[in-house]
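So the structure is just underneath, and the comments pick up after that.
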Amino acid sequence: MPSEPKGDWNYHPDLPLADPSIFRWPPDAGFFARWFAHNWLMLSERVMLLIVAIAAWYLLYPSLEDSKTFAVGWIAQTYVINLAIMFFSAGALHWYFYIIRGQAKILKFDGRDQVRNNRTFKFADQVRDNMFWTLASGVTAWTIFQVVTVWMMANGYAPTITFASNPIWFVAALILMPIWSAFHFYWAHRLLHVPFFYTRFHSLHHRNINIGPWSGMAMHPFEAMLYFSTICIHWIVATHPVHLIFHLIYQGPGAAMSHTGYEDLLIKDKRRLALGTFYHTLHHRFFECNYGNQEMPWDRWFGTFHDGTDEATKQTRDRKKRMYAK
Ligand SMILES: [Zn+2]
Ligand SMILES: [Zn+2]
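When we follow this note's numbering, the leftmost residue of the sequence shown carries the number 12, and every step to the right adds one.
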């Protein structure tokens, strides 16, 4: 039975939050099979982003052949495509949830709207501030990592495979990629919460206590470069450009999807697409908790997990005080 919303949340899932991590002990084959089916055998966020990645690689982006030497043409083409993908994905979600209010406040965690006339934000407007940082900073870092990695692949500096040459690894790499990304994100994000880096860089993302789709990639350039450095895995591990583009789109538009402020997209009252998580929403509300995501066990193992209860809020506030007391 769903619990009544508590405190000032408009909606929250049952608390304390369950542990949906695939890294459970003892291993649970049934759980793993359900996780796999949920993420890969239906039209999930991952499958949608993979379809976009395949279409973008074969239809839009310059080929490896075109990317052998750095030149304005193919780099500008890549940048424009990335701006368009980001604009239309975050823009569509914002339009649906916040302009036409397609779902009213059903499954919206925070009952409030994004703020206007608030000088914390650039242009005194949260959405414009977030759009600016997403497009100017986030998409630029995305494009830099894409251009360098494609150039490395084109010249044989980064190892590549094809589906025909290595079908099992090709599929396995797609499944492992979001898990790698979550591992990288946890550690990069913990670094960003060290007070030295937090006050200089990461506080920009945290202006957003109440998040929306444009908040996901609203990052200081330092944070954006660190966030996209997850891509360096392609410099060492053999992959195909489709893996690279999937990885980039998972980081870019994926962040817009995970920051909608809503738990799921409803179509005809059915939960059709998992979007944001209460897990990361708690991070935006209470800061020093839930640095990773639910798929990885790090927050649980390192004592930074907020399960949504008042007791966890108290522990998180104490942790913050200790971090800033030094
Ligand atoms: Zn965030
Ligand atoms: Zn943070």
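Every residue gets a Cβ at the ideal spot worked out from N, C-alpha and C, and that includes glycine.
Predicted, not measured: the structure shown is a model, and the values here were computed from it.
Under three-state DSSP, which class holds residue i?
i, result
"W36", "coil"
"D25", "coil"
"K331", "helix"
"R127", "strand"
"D321", "helix"
"D77", "helix"
"D30", "coil"
"D140", "helix"
"T171", "strand"
Under 6 Å Cβ to Cβ from residue i, same chain only, skipping five residues before and after it: list those, please.
i, result
"A323", "H317"
"S14", "Residue placement at S14 is flagged as unreliable, the pLDDT there being 48, under the threshold of 50; a coordinate-derived value is accordingly withheld."
"H213", "L203, E234"
"L61", "F257"
"F34", "P308"
"N141", "W225, S226, A229"
"G314", "none"
"I222", "H270, G272, H295"
"W36", "none"
Quick check: is the beta carbon of residue i nearer than 8 Å to any beta carbon in chain C?
i, result
"L215", "No chain C is present in this structure, which holds just one protein chain."
Locate the alpha helix (DSSP H) running through residue i, then write down its first and last residues.
i, result
"M163", "150 to 165"
"G113", "Taken as a continuous stretch (DSSP letters only), G113 belongs to no alpha helix (DSSP H), as it is neither H nor E."
"W85", "83 to 105"
"L61", "56 to 66"
Closer than 8 Å by C-beta to residue i: which residues in its own chain qualify, once you throw out the five before and the five after it? Chain order, please.
i, result
"T89", "Y72, P73, T154, Q157, V158, V161"
"W20", "F120, D121, G122"
"L277", "Q114, I117, L118, R283"
"N177", "A249"
"I86", "T154, V158"
"L146", "L94, M97, F98"
"N129", "A135, D136, Q137"
"W246", "T160, M163, Y168, A169"
"H294", "C300, N301, Y302, H317"
"F289", "H23, P24, L28, F120, E274, G319"
"N166", "K79"
"I92", "A67, L71, Y72"
"P264", "L60, V63, I96, M97, S100, A101"
"R330", "E299, C300, T315"
In chain order, what residues of the same chain lie with their CB nearer than 7 Å to the CB of residue i, ignoring the 5 residues before and after it?
i, result
"R296", "I220"
"Q230", "The amino acid occupying residue 230 in the given sequence is Met; Gln does not appear at that position. Once the five neighbours on either side are set aside, the close Cβ partners of M230 are W144, S148, G149, L215, H216, Y238."
"D321", "none"
"N50", "R57"
"F208", "L202"
"Y334", "Per the sequence shown, the amino acid found at residue 334 is Met instead of Tyr. If we look at M334 and ignore the five residues flanking it on each side, its Cβ neighbours are P206, E299."
"T173", "H251"
"K325", "none"
"A266", "G227, M228"
Any alpha helix (DSSP H) of 4 or more consecutive residues that is wholly inside the stretch 283 to 313: 289 to 297, 309 to 312
Could you tell me which whole alpha helix (DSSP H) segments of length 4 or greater appear in the stretch 238 to 286? For the stretch 238 to 286, whole alpha helix (DSSP H) runs of length 4 or above, ordered along the chain, are 252 to 262, 264 to 269.
Contact between the stretch 179 to 186 and the stretch 260 to 276 is defined here as three or more beta-carbon pairs at a separation below 8 Å; is this criterion met? no
Three or more beta-carbon pairs under 8 Å between the stretch 230 to 240 and the stretch 198 to 205, yes or no? Taking 8 Å as the limit for Cβ pairs, the verdict is that the stretch 198 to 205 does touch the stretch 230 to 240.
Contact the stretch 189 to 197 vs the stretch 110 to 128: 3+ CB pairs below 8 Å: no
Hey, which unbroken runs of the alpha helix (DSSP H) at 4 residues or more fall wholly within the stretch 172 to 226? 178 to 203, 206 to 211
Between the stretch 269 to 283 and the stretch 78 to 85, do at least 3 Cβ pairs fall closer than 8 Å? no
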